[in-house]
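K.L.:
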Amino acid sequence: MKNPKAGAFKLKIGQPNGSEDPGQSVSKIHPSLMNSDRLRYYRKLVLTEMGYVPERHGAGVGDKFITDMFHWTERGLKIISCSFLENKEHFTFQTNKMHDRLLARGKDREVYQGGLLSDVTYRFFENGCLLTTPIFCEQLTRWIPVQLSWIRGLSENYYQIHFTILFRQFMIPSLLPSKRETLARQVVDFSMAQKEGFVGAFMEVFGKADWTRALRNLKGCHEHFQAQITRIRRNRTIVSVEQEANFERMCSALLERSQPGGTSHEEKIDKLRRRFPKAKRWLDWWTATDVEAMLFPSRRAMLDDYPEGEDNLPDTKNAQESMHRLYYMIR
1 MKNPKAGAFK LKIGQPNGSE DPGQSVSKIH PSLMNSDRLR YYRKLVLTEM GYVPERHGAG
61 VGDKFITDMF HWTERGLKII SCSFLENKEH FTFQTNKMHD RLLARGKDRE VYQGGLLSDV
121 TYRFFENGCL LTTPIFCEQL TRWIPVQLSW IRGLSENYYQ IHFTILFRQF MIPSLLPSKR
181 ETLARQVVDF SMAQKEGFVG AFMEVFGKAD WTRALRNLKG CHEHFQAQIT RIRRNRTIVS
241 VEQEANFERM CSALLERSQP GGTSHEEKID KLRRRFPKAK RWLDWWTATD VEAMLFPSRR
301 AMLDDYPEGE DNLPDTKNAQ ESMHRLYYMI R
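Numbering-wise (full-length UniProt numbering), the sequence shown opens with residue 1 and increments by one.
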């Protein structure tokens, strides 16, 4: 379409670009297009398919979101859950291939054990956020999304909705309860809302009113902790310049599992408190029971199928951050 702004009247008389550039009437395409209402409908449909919005807040824009939904469904991206209710506003999307990948079996009919990543990006939508959960695909050697949600807010209930939809897909007869929990394991940041949303969904779907059991299926992102170490070590009111490297080394040692006969986790924390008393508030936050249970290997509960402490989960969510950059490229 050479001039998307040309209205139905100009299209009918064959002057879409003005009187100085006459063309053919749309009646040449089909006589029924001489009906003004029908012509307006098809004009809007063509513009929508082209992704053209005549005016940012003009006529027809309100339908674009709905027609986009239709196009996504035609291409296989299905809406598996949605709500317009207050504090529950969400649209959750998934393709059949995403669903199949999530429940795929590997060697010896084992379910996926590499852990999921879940994170939000604020830049994809003008309003609301995109919450994505990817899985690692060995054939492609990369992380691929298995569930996408548009959520209106970032409070606990929005995360719980996303995780509940995800976990309900595991409630099939062919999966034993232990395998369902294996599939549910996540690497997350230290957002309180995200953590509480996961725990709430875990207990609701799996019928286990055990906060500790739910929490042990969460692993905190080491990269986030390292970033906070860097922030604090550069704060000269807390760490002097000559102690900067020592502070980083002592904090990073908390991410290593304590060995028999070696320095215990409690001893490492105690040394940090004595050496850097001004970091007390920072250390108090990272050593809170629910936070350290997600992050530090010596404080994480042993998983039933990994009694030696190796949980087979990634240490960071860097792959998720890379996926967000890809989203921005194709937006």
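Glycine residues also receive a C-beta, built at the ideal position from the N, C-alpha and C atoms.
1) Once DSSP output is grouped into helix, strand and coil, what is the label at PRO314?
2) Alpha carbon to alpha carbon, what distance is there between LEU102 and LEU218?
3) With a threshold of 16 other CB atoms inside 10 Å of the CB of LEU11, please say whether the residue is buried or exposed.
4) So what does PHE136 bridge to, in DSSP terms?
5) Go ahead and label ASP210 buried or exposed: buried means 16 or more other beta carbons lie within 10 angstroms of its beta carbon, across all protein chains shown.
6) Tell me the DSSP secondary structure of residue 332 in three-state form.
7) How would you call PHE91, buried or exposed, if buried means at least 16 neighbouring beta carbons within 10 angstroms?
8) Distance check for THR121 and ILE172, CA to CA, integer angstroms please.
9) From the DSSP output, in three-state form, read off CYS82 for me.
10) Run through DSSP, which three-state label would LYS195 get?
11) Are there 16 or more other CB atoms within 10 angstroms of the CB of VAL241, so buried, or fewer, so exposed?
12) Let me know the secondary structure DSSP gives GLY200 once reduced to three states.
13) Bridge partners for GLN186 per DSSP, in chain order?
14) Starting from GLN160, trace the alpha helix (DSSP H) in both directions and tell me its first and last residue.
15) Mapping the DSSP letters down to three states, classify ILE29 as helix, strand or coil.
16) Is ARG216 near the ligand MN, with its Cβ less than 7 Å from a heavy atom?
17) Enumerated in chain order, which unbroken segments of the alpha helix (DSSP H) with a length of 4 residues or greater are wholly contained in the segment 209 to 287?
18) So, CYS251 versus ILE229, is the Cβ gap smaller than 8 Å?
19) Short of 6 Å in beta carbon distance, which residues of its chain neighbour residue 359, apart from the five on each side in sequence? Order them along the chain.
20) Go ahead and pull the three-state DSSP assignment for ARG152.
21) Compute the Euclidean distance between the alpha carbons of PHE259 and GLU244, then round it to the nearest angstrom.
22) Is PHE206 helix, strand or coil when you go by DSSP?
23) Could you give the C-beta distance for VAL146 and MET98, rounded to a whole number, given that I count them as a contact under 8 Å?
24) If we count the other Cβ atoms within 10 Å of its Cβ and call it buried at 16 or more, is SER118 buried or exposed?
25) Go ahead and pull the three-state DSSP assignment for LEU131.
26) Would VAL199 and LEU215 be called neighbours here (beta carbons separated by less than 8 Å)?
27) Using C-beta distances below 6 Å, list every residue in its chain close to GLU156, excluding the 5 sequence neighbours before and after it, in chain order.
28) How is the alpha helix (DSSP H) around THR92 delimited, first residue to last?
29) Quick check: the Cα distance between CYS137 and LEU313, rounded to an integer number of angstroms?
30) So the alpha helix (DSSP H) ALA104 belongs to, where does it begin and stop?
P.N.:
Short version:
1) As a first step, residue 314 must be located in the sequence shown, where it is residue number 314. Assigned with DSSP and collapsed to three states, PRO314 falls in coil, not helix or strand.
2) By 1-based counting over the sequence shown, the position of residue 218 is 218. By 1-based counting over the sequence shown, the position of residue 102 is 102. Each residue's alpha carbon lies about 18 Å from the other.
3) Within the sequence shown, the letter at position 11 stands for residue 11. By the neighbour-count criterion, in which 16 or more other beta carbons inside 10 Å mark a residue as buried, LEU11 falls on the buried side.
4) Counting from 1 along the sequence shown, the entry for residue 136 is found at position 136. Answer is TRP143.
5) The residue you call residue 210 lines up with position 210 of the sequence shown. Result: exposed.
6) What the structure shows of the chain is the stretch from 1 to 331, and residue 332 is not part of that stretch, so it cannot be assessed.
7) As a working note, residue 91 is residue 91 in the sequence shown. That one is buried.
8) On the sequence shown, position 172 is the one that residue 172 refers to. On the sequence shown, position 121 is the one that residue 121 refers to. Their Cα atoms are separated by approximately 31 Å.
9) As a working mapping, residue 82 is identified with position 82 in the sequence shown. Assignment of CYS82 by DSSP, reduced to helix, strand and coil, places it in the strand class.
10) As a first step, residue 195 is located in the sequence shown; it is residue number 195 there, counting from the start. Correct three-state label for LYS195: helix.
11) Working through the sequence shown from its first residue, we reach residue 241 at position 241. The residue in question, VAL241, is exposed, as its Cβ has fewer than 16 Cβ neighbours within 10 Å.
12) On the sequence shown, residue 200 is found 200 positions in, with the first residue counted as 1. Assigned with DSSP and collapsed to three states, GLY200 falls in helix.
13) Taking the first residue of the sequence shown as 1, we reach residue 186 at position 186. DSSP output for GLN186 lists LEU116 and LEU218 as bridge partner(s).
14) By one-based count along the sequence shown, residue 160 stands at place 160. Its alpha helix (DSSP H) spans residues 156 to 168.
15) Sequence index remark: in the sequence shown, residue 29 carries index 29 (1-based). ILE29 carries a coil assignment under DSSP once its states are collapsed to helix, strand and coil.
16) Inclusion of the ligand MN in the displayed structure is not the case, the ligand content being empty and no account of it being possible.
17) 211 to 215, 222 to 233, 244 to 252, 265 to 275 and 280 to 286, all fully within the segment 209 to 287.
18) Stepping through the sequence shown from its first residue, residue 251 is reached at position 251. Stepping through the sequence shown from its first residue, residue 229 is reached at position 229. Contact: yes.
19) Residue 359 is absent from the model: the chain starts at 1 and stops at 331.
20) Here residue 152 refers to the residue found at position 152 of the sequence shown. For ARG152, the three-state secondary structure derived from DSSP is coil.
21) In the sequence shown, the residue the question calls residue 259 occupies position 259. In the sequence shown, the residue the question calls residue 244 occupies position 244. Here residue 259 is Gln; the residue named in the question, Phe, does not match the sequence. Going by the C-alpha atoms only, they are around 26 Å apart.
22) One-based indexing of the sequence shown puts residue 206 at position 206. Looking at PHE206 - three-state DSSP - the assignment turns out to be helix.
23) The residue labelled residue 146 in the question sits at position 146 within the sequence shown. The residue labelled residue 98 in the question sits at position 98 within the sequence shown. The beta carbons of VAL146 and MET98 sit about 5 Å from each other, so the pair counts as a contact at 8 Å.
24) Counting from one through the sequence shown, the residue named residue 118 turns up at place 118. SER118 should be labelled buried.
25) Here residue 131 refers to the residue found at position 131 when the sequence shown is read from its first residue. In the three-state scheme derived from DSSP, where H, G and I count as helix and E and B as strand, LEU131 is classed as strand.
26) Residue 199 sits at position 199 when you count from the first residue of the sequence shown. Residue 215 sits at position 215 when you count from the first residue of the sequence shown. The Cβ-Cβ distance between VAL199 and LEU215 falls below 8 Å.
27) For the purposes of this step, residue 156 is taken as residue 156 along the sequence shown, with counting starting at 1. Taken in chain order, the residues that qualify are ALA193, GLU196 and GLY197.
28) Numbered from its first residue, the sequence shown carries residue 92 at position 92. Note, THR92: premise wrong, no alpha helix (DSSP H); beta strand (DSSP E) at 90 to 94.
29) Taking the first residue of the sequence shown as position 1, residue 137 is located at position 137. Taking the first residue of the sequence shown as position 1, residue 313 is located at position 313. Here the C-alpha atom of CYS137 lies approximately 14 Å from the C-alpha atom of LEU313.
30) For the purposes of this step, residue 104 is taken as the residue at position 104 of the sequence shown. From DSSP, ALA104 is part of no alpha helix (DSSP H); its letter is neither H nor E.
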